[in-house]
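To start, the structure itself, in structure tokens.
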Amino acid sequence: MFKRIVALGLAAALLAACSRAPDHVVFHAKDNPARLSEWGLFKVGGKTLATTDRVVVYDLATPLFSDYAQKLRTVWLPEGATATYDETNTFDFPVGTVISKTFYYPTSGTDRPGDSKVVDKTTAQTRQSGAKGLDLKNVRLVETRILVRRENGWEALPYVWNADQTDAVLARAGESIAMTFADGARKTDFVYQVPNVNQCGGCHVQDFKTRKFEPIGLKARHLNHSFDGPQGEMNQLTRLQIVNYLKGAPAPDRAPRNAVWNDTREPLEARARAYLDANCSHCHSATGAARTTGLWLRAGELDPRQLGACKPPVAAGKGTGGHTFDIVPGDPDASIMPFRLASRNAGEMMPEAGRSLVHGEGLALIREWIANMDGVCQVTGESL
Amino acid sequence: MTVRKYALSACAVSALLALAACDQAPKAGADGLIRDPAFETKLQEQLLDAKAGDVITIPAGKYLLTKTLSLAVDGVTIRGAGMDKTVLSFAGQVSGGEGVNVTGNGVTVEDIGIEDAGGNGFKANGVKDLTLRRVRAEWTAGPNPKNGAYGLYPVQTQNLLIEDCVVKGASDAGIYVGQSRNIIVRNNRAEYNVAGIEIENSIGADVYGNTATNNTGGILVFNMPNIPVSGVGTRVYKNTVFANNTKNFAAEGAAVRSVPAGSGVLINSNDGVEVFDNDIHDNKTLNVGISSYYSTGYQTKTGIAPNFDPYPEQIYIGGNRFKGGGDSPDGQLAVLKLAMFGLKGRLPDVLWDGWRNAKVKSPEICVDNGEAQVLNIDGPNKYANPKIETSFACQPKTRLPAVVLTGALADKPAEKPATTN
Numbered sequence: 000m001f002k003r004i005v006a007l008g009l010a011a012a013l014l015a016a017c018s019r020a021p022d023h024v025v026f027h028a029k030d031n032p033a034r035l036s037e038w039g040l041f042k043v044g045g046k047t048l049a050t051t052d053r054v055v056v057y058d059l060a061t062p063l064f065s066d067y068a069q070k071l072r073t074v075w076l077p078e079g080a081t082a083t084y085d086e087t088n089t090f091d092f093p094v095g096t097v098i099s100k101t102f103y104y105p106t107s108g109t110d111r112p113g114d115s116k117v118v119d120k121t122t123a124q125t126r127q128s129g130a131k132g133l134d135l136k137n138v139r140l141v142e143t144r145i146l147v148r149r150e151n152g153w154e155a156l157p158y159v160w161n162a163d164q165t166d167a168v169l170a171r172a173g174e175s176i177a178m179t180f181a182d183g184a185r186k187t188d189f190v191y192q193v194p195n196v197n198q199c200g201g202c203h204v205q206d207f208k209t210r211k212f213e214p215i216g217l218k219a220r221h222l223n224h225s226f227d228g229p230q231g232e233m234n235q236l237t238r239l240q241i242v243n244y245l246k247g248a249p250a251p252d253r254a255p256r257n258a259v260w261n262d263t264r265e266p267l268e269a270r271a272r273a274y275l276d277a278n279c280s281h282c283h284s285a286t287g288a289a290r291t292t293g294l295w296l297r298a299g300e301l302d303p304r305q306l307g308a309c310k311p312p313v314a315a316g317k318g319t320g321g322h323t324f325d326i327v328p329g330d331p332d333a334s335i336m337p338f339r340l341a342s343r344n345a346g347e348m349m350p351e352a353g354r355s356l357v358h359g360e361g362l363a364l365i366r367e368w369i370a371n372m373d374g375v376c377q378v379t380g381e382s383l
Numbered sequence: 000m001t002v003r004k005y006a007l008s009a010c011a012v013s014a015l016l017a018l019a020a021c022d023q024a025p026k027a028g029a030d031g032l033i034r035d036p037a038f039e040t041k042l043q044e045q046l047l048d049a050k051a052g053d054v055i056t057i058p059a060g061k062y063l064l065t066k067t068l069s070l071a072v073d074g075v076t077i078r079g080a081g082m083d084k085t086v087l088s089f090a091g092q093v094s095g096g097e098g099v100n101v102t103g104n105g106v107t108v109e110d111i112g113i114e115d116a117g118g119n120g121f122k123a124n125g126v127k128d129l130t131l132r133r134v135r136a137e138w139t140a141g142p143n144p145k146n147g148a149y150g151l152y153p154v155q156t157q158n159l160l161i162e163d164c165v166v167k168g169a170s171d172a173g174i175y176v177g178q179s180r181n182i183i184v185r186n187n188r189a190e191y192n193v194a195g196i197e198i199e200n201s202i203g204a205d206v207y208g209n210t211a212t213n214n215t216g217g218i219l220v221f222n223m224p225n226i227p228v229s230g231v232g233t234r235v236y237k238n239t240v241f242a243n244n245t246k247n248f249a250a251e252g253a254a255v256r257s258v259p260a261g262s263g264v265l266i267n268s269n270d271g272v273e274v275f276d277n278d279i280h281d282n283k284t285l286n287v288g289i290s291s292y293y294s295t296g297y298q299t300k301t302g303i304a305p306n307f308d309p310y311p312e313q314i315y316i317g318g319n320r321f322k323g324g325g326d327s328p329d330g331q332l333a334v335l336k337l338a339m340f341g342l343k344g345r346l347p348d349v350l351w352d353g354w355r356n357a358k359v360k361s362p363e364i365c366v367d368n369g370e371a372q373v374l375n376i377d378g379p380n381k382y383a384n385p386k387i388e389t390s391f392a393c394q395p396k397t398r399l400p401a402v403v404l405t406g407a408l409a410d411k412p413a414e415k416p417a418t419t420n
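Chains as they are written, first to last, in numbering that gives the first Met the number 0: chain A, 0 to 383; chain B, 0 to 420.
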């Protein structure tokens, strides 16, 4: 593994010497550049990472948990091109659109954060929204994923950052990176998984009939809240319209809106549902990979049974944790869902990909949601 | 169609990586496992880059892999050197829900072993025209609740052939065909799983020529609620299903947890099922069982879709060769056996749980199998009045047609339709 990383770093350094990175976004219609810099999304100089011209940074009200990594999300559209608003689904983006997501962690006690095996839990002090770029002094950049809208649809490309944090290299087969997560004094070893292209599809293929990759976050309900940017704090649906990236959107108060999962001023039900929507529904929907389970967790789902209440599992195997129903109202300890969120074992854990650590705070939210549910699972009959 | 062949060597990686990773050929460790991250990366890259018609060959060797190996391209063959020669071991898997995952149509996987996956051994989701041939999916330490759920797990597939495979140790089902259509499962061997072979919520399945032994239940045909597809039309014939007496080691909550140890062929909640011309013997609880969802322990009013039909109907049992079995039943049935048939007696060959839909005239269950008797265990009354059921002495009005595979799988010899009686 070490040799491999050195080799990749060396390759990047050699390539970097031969050409200069563009200072504006370049849409690669067919080729898959070996280096992230060839997309021209970022200016990486010294200790900062900034976005280039017309790149819009956005965030989600409630994001997918990814081993406590922070994420810098960007979208760029070709000059004059516009996406069309949709109330429920991903906006319809034109060919040439480039979306990126950069995963990073705070570090401490090192001059070379890109080399740091130990990464820290983000605190109020170390949090960087990325709205105006990133200060890299105490940040380890791990990977940047590109979603590009080409003639034949969206394609996903994962890039892994070098130790100098000057560029990232294409890793279509993914990468396993051993790290230690430090939550104060509590340290947990984990393997950070950069997904391979098929694993990208594991979430981004939201409809098993069409098999097409789609962005997930760029939906009205995820974006409909205020976020910092060059124009100051403003609703992101408004911002996307101001910069002419989006047409057809209603006023924000008439668009759907997910709660912020950890903002306790919002109702528990709304926070839990926003969390399940962001963390589970890319598979657990009527059309996704887990359509086969009958457990459907999209924001719009209303049927309590489809949401798991008293629902027997379909193909959970040992992932039941010895429990009979996905959710037993009022009893998180007897419910399968929190068991799977609390597991770190392949074959038990949910989501299946994208995390190695347990999201303690998200787990607590789901447990609280279940604890506050009414109802009983009254069994008729008995096993032979 | 041009067939391009790739022979994958552990060191056939890009020049740069070759320098780093292949200055010496990867050697198997003392445990016989080849640990070579470059091999794993290269194999995954080959699957990402494959084109329709490609054959990805994996040479003999036992490779330790850490992540799900996935194929999303149509028309690709993955071929090993034999199910005991090319072995992908996922012992210590750190990521992914299965060992090998396929989401491409027209894929063939053959002559390969998949061992000790963290979750399922092989999974194919939503594909057409899938062939699994001489694939072994096994958990090598024998029955254990910590083993993965399914050995071979095609779900929502269409036009599917599973033949000459071996499945062992699955903590749910060795071969689990879920929510699929047009299926042939033949000449496989299933041992030491909770369920040897399970057809669930599927439409049109022929299961024949298989051997199921030492599972908790040999061959299961189930319907589960809350699932987009409701199953109908499975023929189970010419199989050998014997001594499936392994203690149930499924996790509590799994559907197969409700299967009593010592079950030969068990039908639950499914309609249109034929079980004929099989050799079924020495299954200690039941040689054939016909049961409703009420006999799983999972039936609730609020948790089950209202349109779910929990009753098995249009069932035909005939011409099977039964021997032994029913002599040492698991669970509640032990008490029932002792009361009705005494210490040295045995339960009849066919058990029915007695749950029936009051809204239909007859469940249309026909048992026409020589001397074999049907025991109605009176499940609705908590086994209060079990009796020999005589109302099932009938002939089915119609028989199910043979499954005919289509497209690229069509030239495979399908067995002739069942002989009419």
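No residue lacks a Cβ here, since even glycine has one placed at the ideal position from N, Cα and C.
All values reported here derive from a predicted model rather than from experimental measurement.
How would you list, in chain order, the residues of chain A whose beta-carbon sits under 8 Å from the beta-carbon of residue i?
{"i": "residue 296(B)", "result": "323, 378, 380, 381, 382"}
{"i": "residue 93(B)", "result": "175, 190, 192, 345, 355"}
{"i": "residue 47(B)", "result": "171, 172, 195, 196, 197"}
{"i": "residue 271(B)", "result": "In chain order: nothing, as chain A lies at least about 21 Å away."}
Along chain B, which residues have their Cβ under 9 Å away from the Cβ of residue i?
{"i": "residue 359(A)", "result": "Near residue 359(A) there are no residues of chain B at all, since even the closest Cβ is about 20 Å away, more than 9 Å."}
{"i": "residue 207(A)", "result": "102, 124, 125, 155"}
{"i": "residue 161(A)", "result": "What residue 161(A) touches in chain B: nothing, since even the nearest Cβ is about 14 Å away."}
Quick check: is the beta carbon of residue i nearer than 7 Å to any beta carbon in chain C?
{"i": "residue 97(A)", "result": "Although the question refers to chain C, the structure presented lacks it and instead comprises the protein chains A and B."}
So, residue i versus residue j, is the Cβ gap smaller than 7 Å?
{"i": "residue 408(B)", "j": "residue 128(B)", "result": "yes"}
{"i": "residue 314(B)", "j": "residue 349(B)", "result": "no"}
{"i": "residue 176(B)", "j": "residue 153(B)", "result": "yes"}
{"i": "residue 39(A)", "j": "residue 51(A)", "result": "yes"}
{"i": "residue 329(B)", "j": "residue 250(B)", "result": "no"}
{"i": "residue 83(A)", "j": "residue 216(A)", "result": "no"}
{"i": "residue 118(B)", "j": "residue 130(A)", "result": "no"}
{"i": "residue 225(B)", "j": "residue 195(B)", "result": "no"}
{"i": "residue 205(A)", "j": "residue 281(A)", "result": "yes"}
{"i": "residue 277(A)", "j": "residue 63(A)", "result": "yes"}
{"i": "residue 116(B)", "j": "residue 84(B)", "result": "no"}
{"i": "residue 275(A)", "j": "residue 296(A)", "result": "yes"}
{"i": "residue 257(B)", "j": "residue 382(A)", "result": "yes"}
With distances taken Cα to Cα, identify the nearest neighbour of residue i among the options.
{"i": "residue 171(B)", "options": "161(B), 320(B), 155(B), 151(B)", "result": "151(B)"}
{"i": "residue 229(B)", "options": "309(B), 208(B), 192(B)", "result": "309(B)"}
{"i": "residue 146(A)", "options": "330(A), 170(A), 74(A)", "result": "74(A)"}
{"i": "residue 141(B)", "options": "169(B), 134(B), 164(B), 135(B)", "result": "169(B)"}
{"i": "residue 144(A)", "options": "294(A), 251(A), 353(A), 332(A)", "result": "353(A)"}
Does DSSP put residue i in a helix, in a strand, or in coil?
{"i": "residue 396(B)", "result": "coil"}
{"i": "residue 405(B)", "result": "coil"}
{"i": "residue 339(B)", "result": "helix"}
{"i": "residue 334(B)", "result": "helix"}
{"i": "residue 336(A)", "result": "helix"}
{"i": "residue 276(A)", "result": "helix"}
{"i": "residue 211(A)", "result": "coil"}
{"i": "residue 365(B)", "result": "strand"}
{"i": "residue 91(B)", "result": "coil"}
{"i": "residue 47(B)", "result": "helix"}
{"i": "residue 21(B)", "result": "A caution first: residue 21(B) carries a pLDDT of 40, below 50, which makes its placement in the model too unreliable to give a value."}
In chain A, which residues lie less than 7 Å from residue i when you measure between Cβ atoms?
{"i": "residue 223(B)", "result": "313"}
{"i": "residue 260(B)", "result": "What residue 260(B) touches in chain A: nothing, since even the nearest Cβ is about 10 Å away."}
{"i": "residue 423(B)", "result": "The requested residue 423(B) is not part of the displayed model; chain B covers only 0 to 420."}
Give me the chain B residues within the contact set of residue i, using Cβ-Cβ distance strictly less than 7 Å, ordered along the chain.
{"i": "residue 309(A)", "result": "299, 301, 302"}
Given that residue i touches chain A, what residues does it touch there, using C-beta distances under 9 Å?
{"i": "residue 330(B)", "result": "382, 383"}
{"i": "residue 65(B)", "result": "175, 190"}
Can you pull the chain B residues whose beta carbon is under 8 Å from the beta carbon of residue i, in chain order?
{"i": "residue 304(A)", "result": "225, 301, 302, 303, 304"}
*Are three or more beta carbon pairs between the segment 174-193 of chain A and the segment 85-93 of chain A nearer than 8 Å?*
no
*Taking one C-beta from the segment 222-233 of chain B and one from the segment 185-197 of chain B each time, how about it: are there three or more such pairs within less than 8 Å?*
no
_Check whether the segment 336-343 of chain A and the segment 259-275 of chain B are in contact - that is, three or more C-beta pairs closer than 8 Å._
no
_Whether or not the segment 29-49 of chain A and the segment 225-245 of chain A are in contact is what I'm after, with contact meaning three or more pairs of Cβ atoms, one per stretch, closer than 8 Å; do they touch?_
no
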